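Engineer: With my numbering applied, the sequence shown has no gaps in its numbers, which climb one by one up to 245 at the end.
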Amino acid sequence: MTVTPVRAEQNQVNVVNLSQSEVVEAKAYPWSAIAKLNNGIGGSCTAVLISQNYALTAAHCLFFKNTGRYLPAQSLHLILGYENQQFRDHLGVSAYYVPPRYEPTRPYETLASDWALLSISGQPQPTARLDISQLRDTTESYLMTAGYSHRTPYTMTGDRHCRFVGRSHDESFLFDSCQAPAGYSGAPVLVQNADKRSFSIAGIHVANQVWQTQAIAIAIPIEVIWREIKPCVKDHQCQFQHVAT
1 MTVTPVRAEQ
11 NQVNVVNLSQ
21 SEVVEAKAYP
31 WSAIAKLNNG
41 IGGSCTAVLI
51 SQNYALTAAH
61 CLFFKNTGRY
71 LPAQSLHLIL
81 GYENQQFRDH
91 LGVSAYYVPP
101 RYEPTRPYET
111 LASDWALLSI
121 SGQPQPTARL
131 DISQLRDTTE
141 SYLMTAGYSH
151 RTPYTMTGDR
161 HCRFVGRSHD
171 ESFLFDSCQA
181 PAGYSGAPVL
191 VQNADKRSFS
201 IAGIHVANQV
211 WQTQAIAIAI
221 PIEVIWREIK
231 PCVKDHQCQF
241 QHVAT
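#1: Rounded to whole angstroms, what's the CA-CA distance from alanine 180 to isoleucine 220? Just pull it up for me.
#2: With a floor of 3 residues, list each beta strand (DSSP E) that falls wholly inside the region 169 to 212, ordered by position along the chain.
#3: Is it a yes or a no for the region 31 to 44 touching the region 96 to 105, going by three-plus beta-carbon pairs under 8 Å?
#4: Flag this pair as touching only if the region 41 to 54 and the region 112 to 124 have three or more C-beta atom pairs under 8 Å; answer yes or no.
#5: Can you say whether tyrosine 102 is buried or exposed, counting buried as having 16 or more other CB atoms within 10 angstroms of its CB?
#6: Would you mind sorting alanine 28 into buried or exposed? The rule is 16 or more other CB atoms within 10 Å of its CB.
#7: Which of the three DSSP states, helix, strand or coil, is assigned to cysteine 45?
#8: Excluding sequence positions up to five away, which residues of its chain have a Cβ less than 6 Å from the Cβ of arginine 88?
#9: I need the DSSP call for leucine 111, collapsed to helix, strand or coil.
#10: Classify aspartate 159: buried if its beta carbon has 16 or more other beta carbons within 10 angstroms, exposed otherwise.
#11: Could you check what DSSP says for valine 24 in three-state terms: helix, strand or coil?
#12: Given a cut-off of 8 Å, decide if isoleucine 218 and phenylalanine 175 are closer than it, judged by their beta-carbon atoms.
#13: Excluding the five sequence neighbours on either side, which residues of its own chain have a C-beta within less than 8 Å of the C-beta of leucine 62, listed in chain order?
#14: Tell me the DSSP secondary structure of arginine 227 in three-state form.
#15: Would you give the residue range spanned by the beta strand (DSSP E) that aspartate 89 belongs to?
#16: Are the beta-carbon atoms of valine 48 and proline 153 separated by less than 8 Å?
#17: Could you tell me if tyrosine 108 is buried or exposed, where buried requires 16 or more neighbouring beta carbons within 10 angstroms of its beta carbon?
#18: Going by other Cβ atoms of all chains shown within 10 Å of its Cβ, with 16 needed for buried, is alanine 194 buried or exposed?
Shown next as structure tokens:
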């Protein structure tokens, strides 16, 4: 099944029912790899660790509309294991990469490139990572997601029981039924691996839209992102446009 987004909204779609989300334990796997991303100016999104050195989020989380500029890397903070204003780890960002195809002043037209790779400053405490290399078809899989909703900023909530809905015709978007309220931008869409114990990232949540009267979540498939970040993550051949001073 393929679905074409008509008008993707980067804010919460009102028909999303937050009551269907449940509180998840931020310090337990797989949620332990998901972070609250504070931007230093009072805003927040969600991010996910993909290794000891790198995390992924949504690119629009890094752009400050009031100034028309991207935020400096040093203003970004990843908070892991965050529950009731206590946390397991606090990490800074030394640099980040946004695909040059993404234009923050044209967010809907360039939504397919609305992701960012964050370079972590310091070493996070040991945690089971979420794999991005075991890529497989998600069509028949149950999916999960979690993040820090703006309605519950001190508690991680999640949806453990969502399904694959479809892909765009050009394979640049993954659509699912996960509840993804405002604040979930940059959150991972998770799929269980064959071992039934570990999880992989199927996509990065970037938007919601209404389709056939229902709210669906829009994610960028991880295989699209992986093609671009593999030289950096695997071979350390990184070219970051935004570097902390």
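Each residue gets a CB set at the ideal place from its N, CA and C atoms; glycine is no exception. Bear in mind the structure is a predicted one, so any value in this text is a computation, not a measurement.
Structural biologist: Let me spell this out:
#1: 14 Å
#2: 174 to 176, 188 to 192, 199 to 211
#3: no
#4: yes
#5: buried
#6: exposed
#7: strand
#8: Lys27, Leu80, Gly81
#9: helix
#10: buried
#11: coil
#12: yes
#13: Asn39, Tyr70, Leu71, Leu76, Tyr96, Val98, Ala116, His242
#14: helix
#15: 89 to 97
#16: no
#17: exposed
#18: exposed
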